[in-house]
Ligand SMILES: Nc1ncnc2c1ncn2[C@@H]1O[C@H](COP(=O)(O)OP(=O)(O)O)[C@@H](O)[C@H]1O
Ligand SMILES: [Mg+2]
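Residue numbers (the numbering used here), protein chains in the order written: chain A, 1 to 229; chain B, 1 to 80; chain C, 1 to 80; chain D, 1 to 745.
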């Protein structure tokens with residue numbers, strides 16, 4: 001699998017995700033500048049990393065959604081290429097129309113960083129194939145605006161088409177009060193595009209890839225991708 | 001030329017910040033608050049002196065960037 | 001009764017948001033943008049029908065919560 | 001021709017005694033200026049002197065006493081005197097770190113005050129060529145019941161998070177304390193730690209005559225120009241609005257500045273570089289010139305400004321954030337400029353170095369200032385302020401303090417006190433996991449941050465116990481250092497060096513000055529005894545309101561090294577049936593303890609004495625065991641003593657403990673809650689006990705087995721069990737409840 005990670009001004013988790021990709025694929029991802037016009041030839045997966053692109057000053061991800069490179073990313077997605085947006089990357093994907101809905105301020109109005117359990121809501125994607133449906137994984141979150149919201153119609157479509165990839169939950173898999181850190185609808189933590197090749201998620205699987213850092217549950221996602229192409 | 005673009009949430013879109021502020025105002029004892037919704041204003045200076053051109057440029061700015069038209073409306077006012 | 005409180009940055013206070021948006025608008029090719037400053041609006045519904053009382057409540061709200069008066073100004077408008 | 005313009009400018013504004021006073025200069029200090037330059041200064045020059053000679057930049061009250069601190073060790077590459085301290089951590093790597101305060105701005109505008117504090121300290125670190133890998137902070141607020149406290153906590157914490165999270169550095173540790181003596185003057189101390197190659201460190205001394213001086217980063221506005229300008233009619237133009245002196249932080253610009261600077265440094269174009277911090281352009285330009293024995297000429301019309309009509313005075317004193325100044329190798333100009341354009345930041349040549357040793361400021365050709373550059377720094381006033389030593393408080397006899405609560409209830413009350421409650425509410429607002437190297441998160445003794453891909457890691461901590469310093473500055477100063485040393489030791493790190501942030505009251509009051517002097521002596525003694533030199537720091541004086549000073553608060557930021565991050569200890573109990581060993585002497589010292597304050601409602605007595613030799617011996621016995629992988633559960637004892645330490649170990653691991661053999665010969669509550677120093681608690685499986693005890697015996701360190709891990713409750717001798725859940729509820733509950741405003745505090 002050939003991977004590329006985009007750096008926007010203000011991206012700050014690109015090294016983290018590069019480390020995870022390197023670990024899973026055995027090769028270093030290409031670093032792509034936001035002002036570039038093209039992705040490296042033969043790119044299978046594009047990653048929009050976490051951070052605060054353009055300071056997140058207008059709406060998170062809004063300005064980055066208009067960056068030069070996003071034209072190439074849209075074309076890549078239209079061709080059926082893989083796109084992974086993590087945290088700020090997810091915000092950029094919704095702002096640029098590659099995924100539906102919007103990410104609002106956390107319901108508690110505070111930035112929150114902590115370990116977080118997720119339920120794998122579908123195994124049916126090349127991002128989640130090595131997990132089991134219903135499996136509970138531990139990753140971390142670090143965001144101030146992760147409160148996913150969309151109109152009823154969109155939510156129904158996401159649910160009916162099995163496009164919710166991850167949901168927030170407790171360690172035992174339950175989704176009772178307190179499991180959802182940001183107030184997102186249906187406890188949504190990540191969603192897939194219609195062709196199931198674009199994934200946007202708020203949590204950071206790339207930070208949970210070593211036991212010493214708290215666990216390796218994040219590896220599954222990158223390993224699933226590595227297996228896909 | 002000076003202009004203001006005001007961006008507000010569409011009706012029916014949940015506004016966690018507005019809700020929180022509503023609660024805080026009530027807690028502060030400010031009387032009679034029924035609801036609060038938060039929006040943004042952009043005060044923009046333009047080099048053109050042509051009001052029609054300016055309005056046009058700002059509509060574009062609103063559409064493309066300042067508002068997320070999935071959840072927000074915007075309004076352009078030219079001040080002078 | 002409906003009202004709007006508009007909060008804007010005082011002159012001279014750095015506005016990183018405005019600066020970033022200015023850059024983005026220029027990059028998008030929106031013509032003739034000289035400067036952008038960002039502020040907030042709060043659309044507030046009040047239960048009182050007394051405009052004086054409402055204005056009073058909202059001034060309090062502005063002072064205590066909606067604006068950070070060290071760096072921001074605010075303005076209250078009662079709409080009806 | 002120039003001499004004409006000079007003349008007109010010098011004679012122009014009347015430098016009245018009032019104007020001098022508004023610039024914070026005393027009459028005799030003004031006399032000194034006159035003697036130094038042989039004429040009346042221009043307004044711009046007066047501004048420059050006021051910036052260079054204020055307490056913050058000149059250290060005029062503290063310099064004399066700072067000289068006594070030990071600053072050297074074989075691993076110290078750069079001690080105090082540069083933007084940050086630098087130590088060698090082996091394999092060609094250096095650790096660069098410093099701590100700085102933003103107390104007053106944070107009281108006025110907590111969010112922006114805190115953000116700009118974090119931004120400033122990060123710049124100090126990356127201006128030397130280091131990539132920041134961690135931040136810490138030390139916060140002191142007023143009493144929880146004070147009407148402003150909640151607002152200040154909320155703003156400061158959001159501000160620290162807001163800046164660090166966006167900038168992209170993990171905030172991995174710190175302290176939060178509450179005391180009424182900070183009601184009118186909170187403390188916000190921020191520390192940044194970075195890593196560089198030890199042969200690629202950048203310094204601030206300019207070299208070479210005629211080299212361009214380049215302005216980098218964000219534009220200059222009228223931010224933070226000090227009070228004098230606001231108060232004087234000359235500068236207040238017709239505008240109705242008072243010019244706010246609050247600076248706004250822009251973490252996005254800082255992130256770009258970091259990346260651009262590190263990229264620039266790789267081009268080989270940087271001869272010297274210096275961030276613009278306090279007193280912005282003035283301080284940075286003078287420092288670069290003076291350190292390099294060169295003159296500097298600036299042409300202010302080239303300074304990128306964000307506002308129209310800025311005067312020379314304003315440009316020289318602006319404290320706009322996210323700016324740097326560098327001396328450029330002219331041969332590499334194009335490459336250097338391209339880097340800054342790529343990151344969309346300003347890059348402007350605003351002057352050059354000269355061989356005149358003068359600091360010359362021109363604006364549109366007119367000379368606005370012409371001063372001797374060395375003297376601006378070297379001839380700053382130096383005060384040996386009168387001071388009065390604090391009268392030590394008498395030892396408190398633990399037997400004479402009434403014990404009104406059961407030890408069980410006392411423990412629960414302490415865990416839910418503002419001082420000892422969990423600070424999770426705070427650090428969950430800080431991204432502490434970004435960069436993927438945080439081995440020990442907040443909540444442990446010291447944070448552990450892996451360096452690159454390892455195996456090295458740094459152990460980081462910030463410590464001070466202000467109530468000890470108040471009762472006995474010398475012992476309190478020592479204690480702050482040993483606590484940092486102990487925290488690093490407890491995770492298995494070798495303590496290497498410290499940075500300090502000395503927060504005190506008004507130095508013109510002999511009592512406050514005495515606290516300063518006493519604490520410094522204590523810090524010096526401890527650093528000396530522990531081989532733990534001071535490599536950077538910051539002094540914040542005049543922390544008082546209405547004549548009452550804050551508690552003396554010399555915050556110590558400690559850095560230690562782990563050779564292999566996989567070999568470290570944490571405080572969590574890790575298995576059932578392990579033997580719990582109390583290491584060190586327990587004498588039951590209750591004076592100035594948290595127990596005394598919270599349970600007996602008294603703040604008195606002498607603080608626990610610090611035996612530096614014992615401290616060292618004890619730590620040196622424990623550390624190798626951790627490094628060898630023989631000891632994985634260790635916690636140092638500090639606030640709240642043994643009982644609180646045990647509760648923390650139980651909560652962290654979710655494994656209970658049965659305590660059945662407390663130290664004899666002292667009252668039980670004193671054994672449980674006394675704050676004797678040089679102590680640790682460890683837990684080991686039975687089979688490893690012998691090794692631990694042998695090592696401690698060999699070193700002559702006292703120890704006693706006090707209980708066993710297991711179950712789901714903490715059982716203190718003679719008390720009903722306290723379940724893990726009850727402990728956690730109390731410990732985790734207080735701060736979120738307080739911050740929600742739904743408490744009764
Ligand atoms: N309390 C202290 N102990 C040791 N060094 C100090 C102390 N206070 C300041 N210094 C050193 O003095 C120099 C100037 O400090 P400061 O003015 O805070 O630096 P900057 O201008 O980079 O913010 C720095 O090298 C700093 O490390
Ligand atoms: Mg500095």
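Virtual Cβ for every residue (Gly too), placed ideally from N, Cα, C.
Extent of the continuous beta strand (DSSP E) to which residue i belongs
{"i": "residue 166 of chain A", "result": "164-169"}
{"i": "residue 583 of chain D", "result": "579-583"}
{"i": "residue 703 of chain D", "result": "703-709"}
{"i": "residue 462 of chain D", "result": "457-463"}
{"i": "residue 635 of chain D", "result": "633-636"}
{"i": "residue 473 of chain D", "result": "First-last for residue 473 of chain D: 473-490, but that is the alpha helix (DSSP H), not the beta strand (DSSP E)."}
{"i": "residue 555 of chain D", "result": "553-562"}
{"i": "residue 751 of chain D", "result": "This structure does not reach residue 751 of chain D, given that chain D is present from 1 up to 745, and the question cannot be answered."}
{"i": "residue 196 of chain D", "result": "187-197"}
Closest by C-alpha distance to residue i, when choosing among the options
{"i": "residue 468 of chain D", "options": "D:575, D:198, D:515", "result": "D:515"}
{"i": "residue 421 of chain D", "options": "D:598, D:183, D:196, D:699", "result": "D:598"}
{"i": "residue 179 of chain A", "options": "A:95, A:124, A:117, A:14", "result": "A:117"}
{"i": "residue 594 of chain D", "options": "D:358, D:732, D:419, D:610", "result": "D:419"}
{"i": "residue 66 of chain C", "options": "B:75, B:40, B:65, B:74", "result": "B:40"}
{"i": "residue 212 of chain D", "options": "D:95, D:310, D:269", "result": "D:269"}
Chain-order list of residues whose beta-carbon lies under 7 Å from that of residue i (same chain, five-residue window excluded)
{"i": "residue 647 of chain D", "result": "411, 415, 714, 727"}
{"i": "residue 135 of chain A", "result": "120"}
{"i": "residue 375 of chain D", "result": "36"}
Reduced DSSP category for residue i - H, G, I as helix; E, B as strand; rest coil
{"i": "residue 57 of chain B", "result": "helix"}
{"i": "residue 9 of chain B", "result": "strand"}
{"i": "residue 364 of chain D", "result": "coil"}
{"i": "residue 407 of chain D", "result": "helix"}
{"i": "residue 421 of chain D", "result": "coil"}
{"i": "residue 73 of chain C", "result": "strand"}
{"i": "residue 49 of chain A", "result": "coil"}
{"i": "residue 305 of chain D", "result": "strand"}
Opening and closing residue of the alpha helix (DSSP H) in which residue i lies
{"i": "residue 153 of chain A", "result": "152-160"}
{"i": "residue 70 of chain A", "result": "69-78"}
{"i": "residue 39 of chain C", "result": "Here residue 39 of chain C belongs to no alpha helix (DSSP H); instead the beta strand (DSSP E) covers 33-46."}
{"i": "residue 215 of chain D", "result": "Counting along the chain, residue 215 of chain D falls outside any alpha helix (DSSP H), though it belongs to the beta strand (DSSP E) covering 212-217."}
{"i": "residue 341 of chain D", "result": "333-342"}
{"i": "residue 26 of chain B", "result": "16-28"}
{"i": "residue 132 of chain D", "result": "Unbroken run through residue 132 of chain D is the beta strand (DSSP E), 131-141; no alpha helix (DSSP H)."}
{"i": "residue 737 of chain D", "result": "724-740"}
Interface partners of residue i on chain D, CB under 7 Å
{"i": "residue 61 of chain C", "result": "The premise fails here: residue 61 of chain C is roughly 15 Å from chain D at the closest Cβ pair, so nothing lies under 7 Å."}
Neighbourhood of residue i by C-beta, 6 Å cutoff - its chain only, sequence neighbours within 5 removed
{"i": "residue 236 of chain D", "result": "The pLDDT assigned to residue 236 of chain D is 37, lower than 50, so where the model puts this residue is not dependable; a value taken from the coordinates is nonetheless given after this. Excluding residues within five positions, none has a Cβ falling inside 6 Å."}
{"i": "residue 454 of chain D", "result": "565"}
{"i": "residue 75 of chain B", "result": "6"}
{"i": "residue 331 of chain D", "result": "none"}
{"i": "residue 652 of chain D", "result": "571, 572"}
{"i": "residue 362 of chain D", "result": "299"}
Cβ neighbours of residue i in the same chain (closer than 8 Å, five flanking residues each side left out)
{"i": "residue 48 of chain B", "result": "1, 54, 57"}
{"i": "residue 20 of chain D", "result": "27, 30, 46"}
Residues that residue i contacts on chain C, provided the C-beta gap is smaller than 7 Å
{"i": "residue 69 of chain B", "result": "Here the premise fails: no neighbours, minimum Cβ distance about 15 Å."}
{"i": "residue 34 of chain B", "result": "45, 46, 47"}
Contact list for residue i against chain D, beta-carbon separation under 8 Å
{"i": "residue 219 of chain A", "result": "Within chain D, no residue comes near residue 219 of chain A; the closest Cβ sits about 13 Å away, beyond 8 Å."}
Chain-ordered chain C contacts of residue i [CB-CB under 8 Å]
{"i": "residue 66 of chain A", "result": "24, 27, 28"}
Proximity test, residue i beta-carbon vs ligand 4 heavy atom, cut-off 6 Å
{"i": "residue 124 of chain A", "result": "As for ligand 4, it is missing from this structure, which binds only ligand 1 and ligand 2."}
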